[in-house]
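Chemist:
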Amino acid sequence: MQPNERHPAVNPLPPVVVALFLVIMGIEITFWLASQGMIGGPSAVGWRLEAIQRYAFSAQILGWMMESGHWPMQHLLRFVSYAFVHVSFTQALFVGVFVLAMGKMVAEIFGSLAMLLIYVASAAGGALIYGLILPDPLPLIGGFPAVYGLIGAFTYILWRRLGAVGANQLRAFSLIAMLLGIQLLFGLIFGGNVDWIADLGGFLTGFALSFVVAPGGWGRIRNKIRHD
Numbered sequence: 279m280q281p282n283e284r285h286p287a288v289n290p291l292p293p294v295v296v297a298l299f300l301v302i303m304g305i306e307i308t309f310w311l312a313s314q315g316m317i318g319g320p321s322a323v324g325w326r327l328e329a330i331q332r333y334a335f336s337a338q339i340l341g342w343m344m345e346s347g348h349w350p351m352q353h354l355l356r357f358v359s360y361a362f363v364h365v366s367f368t369q370a371l372f373v374g375v376f377v378l379a380m381g382k383m384v385a386e387i388f389g390s391l392a393m394l395l396i397y398v399a400s401a402a403g404g405a406l407i408y409g410l411i412l413p414d415p416l417p418l419i420g421g422f423p424a425v426y427g428l429i430g431a432f433t434y435i436l437w438r439r440l441g442a443v444g445a446n447q448l449r450a451f452s453l454i455a456m457l458l459g460i461q462l463l464f465g466l467i468f469g470g471n472v473d474w475i476a477d478l479g480g481f482l483t484g485f486a487l488s489f490v491v492a493p494g495g496w497g498r499i500r501n502k503i504r505h506d
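In my numbering, the protein residues as written are 279 to 506.
(1) In its own chain, which residues sit with a C-beta less than 6 Å from the C-beta of W253, not counting the 5 before and 5 after it?
(2) The alpha helix (DSSP H) that contains R332, what's its start and end?
(3) Within 10 angstroms of its Cβ, does M279 collect 16 or more other Cβ (buried), or is it exposed?
(4) Here's the rule I'm using: 16 or more other beta-carbon atoms within 10 Å means buried, otherwise exposed. How should S488 be labelled?
(5) Measuring alpha carbon to alpha carbon, tell me which residue in I435, G404, A492 is nearest P423.
(6) So, with DSSP's three-state summary, where would you put L418?
(7) Please return the same chain residues whose Cβ sits closer than 8 Å to the Cβ of W310, not counting the five positions on each side in sequence.
(8) Going by beta-carbon coordinates alone, are G420 and T483 separated by less than 7 Å?
(9) Pick out the complete alpha helix (DSSP H) segments inside the segment 421 to 490, 4 residues or longer, and give them in chain order.
(10) Tell me whether G389 sits in a helix, a strand or coil according to DSSP, three-state version.
(11) For V365, which three-state DSSP category applies?
(12) Just to check, is the beta-carbon of W310 closer than 6 Å to a non-hydrogen atom of the ligand HEM?
(13) Below 7 Å between beta carbons: does that hold for V301 and G381?
(14) If you run the structure through DSSP and keep just helix, strand and coil, what is L412?
(15) Mapping DSSP to helix, strand and coil, what is M316?
(16) Could you pull the start and end residues of the alpha helix (DSSP H) that S359 belongs to?
(17) Between V363 and the rest of its own chain, which residues show a CB-CB distance below 8 Å, the 5 nearest in sequence each way excluded?
(18) How long is the line joining the alpha carbons of V377 and Q369, rounded to whole angstroms?
(19) Smallest Cα separation from F388: which of A431, D477, A486?
(20) Could you spell out where the alpha helix (DSSP H) holding G347 opens and where it closes?
(21) At the level of alpha carbons, what is the spacing between H348 and P417?
(22) Identify, in the order they occur along the chain, each residue of the same chain with its Cβ nearer than 8 Å to the Cβ of P292, setting aside the five sequence neighbours on each side.
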């Protein structure tokens with residue numbers, strides 16, 4: 279190392295992770311400014327509610343589409359758009375922090391495009407599982423199912439690394455077990471909805487998709503198919 283060479287104390291975040299964080303928080307800050315009357319005029323106070331009505335995922339709408347055979351684009355977009363609208367600043371902030379932490383690790387190993395694909399696909403997968411298992415009239419809103427998809431990808435990374443050294447691969451699932459356990463405990467104590475089903479669906483989607491989008495993942499699948 280050269281005498282004058284300096285290394286940053288913290289590795290820089292991949293641009294796609296920063297961009298995703300800014301989109302999530304930018305939307306939330308817009309809602310907050312509107313609620314404080316700083317932008318948009320008097321009618322802006324209802325922007326968050328309008329966004330929830332327009333962009334939240336609805337299991338009832340999914341049921342209607344399946345029964346009628348009509349799949350309007352405005353409702354298909356709900357499978358992803360709900361992950362960018364939150365019920366509060368606190369919820370958005372937690373999602374943003376997880377995006378920075380998990381998104382960084384996944385993007386550095388899988389690549390930026392794969393990380394973004396996992397986020398979007400996990401949002402859709404979590405919503406689909408939520409809608410099929412539990413036709414709850416309450417809308418699904420917020421980015422936690424997508425974040426749990428990134429946790430699923432991170433779990434896949436740990437799972438592969440533990441397998442490579444002959445360690446117990448079940449240890450890779452400690453984080454998701456702890457998070458879901460906390461959710462269930464809080465639900466029992468304080469009550470609440472069952473959107474943890476969407477979170478679990480997002481996790482499973484992210485974990486499964488990692489087999490394909492991880493470096494060399496598709497090649498391993500193709501070789502296994504050929505040998506079988």
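Yeah, the Cβ is synthetic: ideal placement off N, Cα and C, and Gly gets one too.
All of these numbers come straight from a predicted model, not from anything done at the bench.
Modeler: Looking at the atomic coordinates:
(1) Here the chain has residues from 279 to 506 only, and residue 253 is not among them.
(2) Along the sequence shown, read from residue 1 onward, the residue named residue 332 stands at position 54. Segment 325 to 333, the alpha helix (DSSP H) holding R332.
(3) Within the sequence shown, the letter at position 1 stands for residue 279. Low local confidence applies: a pLDDT of 46 at M279 is under 50, so the model's placement there is unreliable, and no value is given.
(4) Here residue 488 is taken as the residue at index 210 of the sequence shown, counted from 1. S488 is classed as buried because its beta carbon has at least 16 other beta carbons within 10 Å across all chains shown.
(5) Taking the sequence shown and counting its residues from 1, one reaches residue 423 at position 145. The candidate whose alpha carbon is nearest that of P423 is G404.
(6) Here residue 418 refers to the residue found at position 140 when the sequence shown is read from its first residue. Three-state result, L418: strand.
(7) Reading the sequence shown from its first residue, position 32 is the one you call residue 310. If we look at W310 and ignore the five residues flanking it on each side, its Cβ neighbours are F367.
(8) Residue numbering aside, residue 420 sits at position 142 when the sequence shown is read from its first letter. Residue numbering aside, residue 483 sits at position 205 when the sequence shown is read from its first letter. Not a contact, by the Cβ cut-off of 7 Å.
(9) If only uninterrupted alpha helix (DSSP H) runs of at least 4 residues are considered, those enclosed by the segment 421 to 490 are 422 to 442, 452 to 468.
(10) Here the question's residue 389 lines up with position 111 in the sequence shown. G389: coil per DSSP, three-state reduction.
(11) As a working mapping, residue 365 is identified with position 87 in the sequence shown. The answer is coil: DSSP assigns V365 none of H, G, I, E or B.
(12) Within the structure as shown, the ligand HEM is missing, as the structure has no ligands at all.
(13) Residue numbering aside, residue 301 sits at position 23 when the sequence shown is read from its first letter. Residue numbering aside, residue 381 sits at position 103 when the sequence shown is read from its first letter. With contacts defined as CB atoms closer than 7 Å, V301 and G381 fail to qualify as a contacting pair.
(14) By 1-based counting over the sequence shown, the position of residue 412 is 134. If DSSP states are grouped into helix, strand and coil, L412 belongs with coil.
(15) The residue given as residue 316 occupies position 38 in the sequence shown. Three-state result, M316: coil.
(16) If you number the sequence shown from 1, residue 359 lands on position 81. Start and end: 356 to 359.
(17) The count along the sequence shown starts at 1 and reaches residue 363 at position 85. Within the same chain, V363 has close Cβ partners I305, R326, A329, I330, Y333, A334, I419, G420.
(18) In the sequence shown, residue 377 corresponds to position 99, counting from 1. In the sequence shown, residue 369 corresponds to position 91, counting from 1. Looking at the two C-alpha atoms, the distance is approximately 12 Å.
(19) Indexing the sequence shown from 1 puts residue 388 at position 110. It is A431.
(20) Working through the sequence shown from its first residue, we reach residue 347 at position 69. Where G347 is concerned, there is no enclosing alpha helix (DSSP H), given that its DSSP letter is neither H nor E.
(21) By one-based count along the sequence shown, residue 348 stands at place 70. By one-based count along the sequence shown, residue 417 stands at place 139. If you take the alpha carbons of H348 and P417, they lie about 20 Å apart.
(22) The residue labelled residue 292 in the question sits at position 14 within the sequence shown. Once the five neighbours on either side are set aside, the close Cβ partners of P292 are G381, K382, A385, E386, S390, M393.
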